[in-house]
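Line by line, the protein sequences give chains A and B.
Here the first sequence stands for residues 0 to 233, where the numbers follow numbering that gives the first Met the number 0.
Here the second sequence stands for residues 0 to 105, where the numbers follow numbering that gives the first Met the number 0.
Please read the structure below before turning to the comments.
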Amino acid sequence: MPPEKPVMLITGSRKGIGKYLAQTYASRAYRVIGCSRKPADWEQEGYEHYIVDVGDEKQVIGMFHHIRKTYQRLDVTLNNAGIASLNHTLLTPGSMVENILKTNFLGTFLTCRESAKLMMQHKSGRIVNFSTVAVPMDLEGDAIYAASKSAVEKFTRILAREIGPLGITVNTIGPAPIQTDLIRAVPEEKINRLVQNLAIKRLGTFEDVLHVIDFFIHPDSHYITGQILYLGGI
Amino acid sequence: MTVDDTLRIQMSELALQCLHDEELPYETPLEDLSAVKLLGSHAICDSLGLVSYVVALEGQINDRFDTQIALMSERAMSLERSPFRNLEALIDYAMVLLGEQIEDSQ
Numbered sequence: 000m001p002p003e004k005p006v007m008l009i010t011g012s013r014k015g016i017g018k019y020l021a022q023t024y025a026s027r028a029y030r031v032i033g034c035s036r037k038p039a040d041w042e043q044e045g046y047e048h049y050i051v052d053v054g055d056e057k058q059v060i061g062m063f064h065h066i067r068k069t070y071q072r073l074d075v076t077l078n079n080a081g082i083a084s085l086n087h088t089l090l091t092p093g094s095m096v097e098n099i100l101k102t103n104f105l106g107t108f109l110t111c112r113e114s115a116k117l118m119m120q121h122k123s124g125r126i127v128n129f130s131t132v133a134v135p136m137d138l139e140g141d142a143i144y145a146a147s148k149s150a151v152e153k154f155t156r157i158l159a160r161e162i163g164p165l166g167i168t169v170n171t172i173g174p175a176p177i178q179t180d181l182i183r184a185v186p187e188e189k190i191n192r193l194v195q196n197l198a199i200k201r202l203g204t205f206e207d208v209l210h211v212i213d214f215f216i217h218p219d220s221h222y223i224t225g226q227i228l229y230l231g232g233i
Numbered sequence: 000m001t002v003d004d005t006l007r008i009q010m011s012e013l014a015l016q017c018l019h020d021e022e023l024p025y026e027t028p029l030e031d032l033s034a035v036k037l038l039g040s041h042a043i044c045d046s047l048g049l050v051s052y053v054v055a056l057e058g059q060i061n062d063r064f065d066t067q068i069a070l071m072s073e074r075a076m077s078l079e080r081s082p083f084r085n086l087e088a089l090i091d092y093a094m095v096l097l098g099e100q101i102e103d104s105q
């Protein structure tokens, strides 16, 4: 029997914002499925964790096969998994570019594709991808990370047109820097400079991100798709 | 009747069921699967309809046989003759993928 609760998939849910979102939505009567490359060190009722590299097509297909068999539906996907690396382009090895594109873009693509296949059965679904304010800011050292997220944004816009007729919306959130592992290695001076470029001069919070996602996945948001929403005022 | 024959009958039933579920037009009883065009000017569906049909069929096959085959793949797109040209070709192609997965799992 399909579960009565809506089913949500969150990638990169082992820690940071993914963990926060998974715990929040699980406590709000969603059936939450999370994934990451390593096992999660936390548990919660209504939450199930998969060990999956989102850049590995076979692993992603396997996870969706399980979701389809177990739940027969998927209502929401949050493509949160991402990696970052701050480096001058001239000092960036090709392998690093491959890794970043694999997780940030290929991972988003694969998860969107498989999510849409499941969602289209019920002619409804909400997908939220993750970008960053680093895309419009054109920051030195962020070329590869920002380029990978720029690809996610363009993909979102075109995908929205392809899956709109199937009743599925896809939007992208571009958070301002949030105190997570992703920016731990970024020099404080650089973060401060970035924050000074925002209309609201502070770091983002998990709650800021949650609020935007609540908006995108709301049942009444069925006419909102292909949008990129940056936080902090950029 | 061989195992292959049985599989083919099951596969054909799934393919027809999906045509029905997706509300695509086809004659009943269906004698000639190759007459059901999926691509081109005489196709029974438009491009979005083909996507919906292929995704639905892929899901039904994987549910029925507990496999993880992907009908849309680089391999499918690089074949000299498209497996999506008509229903018979698609069933043939799905049979090949299914056979490979069953073989791999043994």
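Backbone N, C-alpha and C fix where the C-beta goes; we use that ideal spot for every residue, glycine too.
All of these numbers come straight from a predicted model, not from anything done at the bench.
Inset, instruction - With a threshold of 16 other CB atoms inside 10 Å of the CB of A14 (chain B), please say whether the residue is buried or exposed. - result: buried
Legend entry - Of the listed residues A:R13, A:I9 and A:V6, nearest to T179 (chain A) (C-alpha basis): A:R13
Legend entry - Any 3 or more C-beta pairs closer than 8 Å across the stretch 91-102 of chain B and the stretch 38-53 of chain B: no
Legend entry - For L77 (chain A), the residue or residues it bridges with in DSSP: A:I9 and A:V127
Inset, instruction - Using 10 angstroms around the beta-carbon of N78 (chain A), count the other beta-carbons present and answer buried if the total reaches 16, otherwise exposed. - result: buried
Inset, instruction - Using 10 angstroms around the beta-carbon of G176 (chain A), count the other beta-carbons present and answer buried if the total reaches 16, otherwise exposed. - result: Note on identity: in this sequence residue 176 (chain A) is Pro, with Gly being the wrong assignment. Buried: at least 16 other Cβ atoms inside 10 Å.
Inset, instruction - For Q58 (chain A), I'd like the list of residues in its chain whose CB is within less than 6 Å of its CB, leaving aside the five on either flank, ordered along the chain. - result: V51 and D52
Inset, instruction - Can you tell me which of the three DSSP states C17 (chain B) falls into? - result: helix
Inset, instruction - Give me the Cβ distance between L193 (chain A) and M136 (chain A), rounded to the nearest whole Å; I'm assuming they're in contact under 8 Å. - result: 7 Å
Legend entry - From B:V2, B:P28 and B:K36, residue whose alpha carbon lies closest to that of S81 (chain B): B:K36
Inset, instruction - Measuring only between beta-carbons, confirm whether L138 (chain A) sits less than 9 Å from chain B. - result: no
Legend entry - Beta-bridge partners of L228 (chain A), as assigned by DSSP: A:I172
Inset, instruction - In the DSSP assignment, find the unbroken beta strand (DSSP E) run with E160 (chain A) in it and report its ends. - result: This sequence places Arg at residue 160 (chain A); Glu is not what is there. It is not in any beta strand (DSSP E) - R160 (chain A) instead sits in the alpha helix (DSSP H) that spans A142 to I162.
Legend entry - 9 Å Cβ cutoff, H64 (chain A) in contact with chain B: yes
Inset, instruction - Taking only beta carbons into account, state which residues of the stretch 54-68 of chain B come closer than 9 Å to chain A, listed in chain order. - result: V54, A55, E57, G58, N61, D62, D65, T66 and Q67
Legend entry - Candidates A:Y222, A:N196, A:I182 and A:P186: closest to I16 (chain A) by CA position: A:I182
Inset, instruction - Report yes if the C-beta distance between L86 (chain B) and L18 (chain B) is below 9 Å; otherwise report no. - result: yes
Legend entry - 9 Å Cβ cutoff, L89 (chain B) in contact with chain A: no
Legend entry - Any C-beta of chain B under 9 Å from that of L105 (chain A): no
Legend entry - Proximal residues, the stretch 30-57 of chain B versus chain A, C-beta separation under 7 Å: L47, S51 and V54
Legend entry - Where P186 (chain A) falls, given that 16 or more other Cβ within 10 Å makes a residue buried: exposed
Legend entry - T168 (chain A) and I223 (chain A) closer than 9 Å at C-beta: yes
Inset, instruction - Check the Cβ of M7 (chain A) against every Cβ in chain B and list those closer than 8 Å, keeping chain order. - result: Within 8 Å Cβ-Cβ: nothing; M7 (chain A) doesn't reach chain B, min ~20 Å.
Legend entry - Heavy atom of the ligand FMN within 8 Å of T168 (chain A) beta-carbon: Ligands are entirely absent from the displayed structure, and the ligand FMN is therefore not among its contents.
Legend entry - Residue from B:D45, B:D3, B:Y92 and B:L32 whose Cα sits closest to the Cα of E22 (chain B): B:D45
Legend entry - Endpoints, beta strand (DSSP E) assigned at Y29 (chain A): From DSSP, Y29 (chain A) is part of no beta strand (DSSP E); its letter is neither H nor E.
Inset, instruction - Tell me E47 (chain A)'s beta-bridge partners as DSSP assigns them. - result: A:I32
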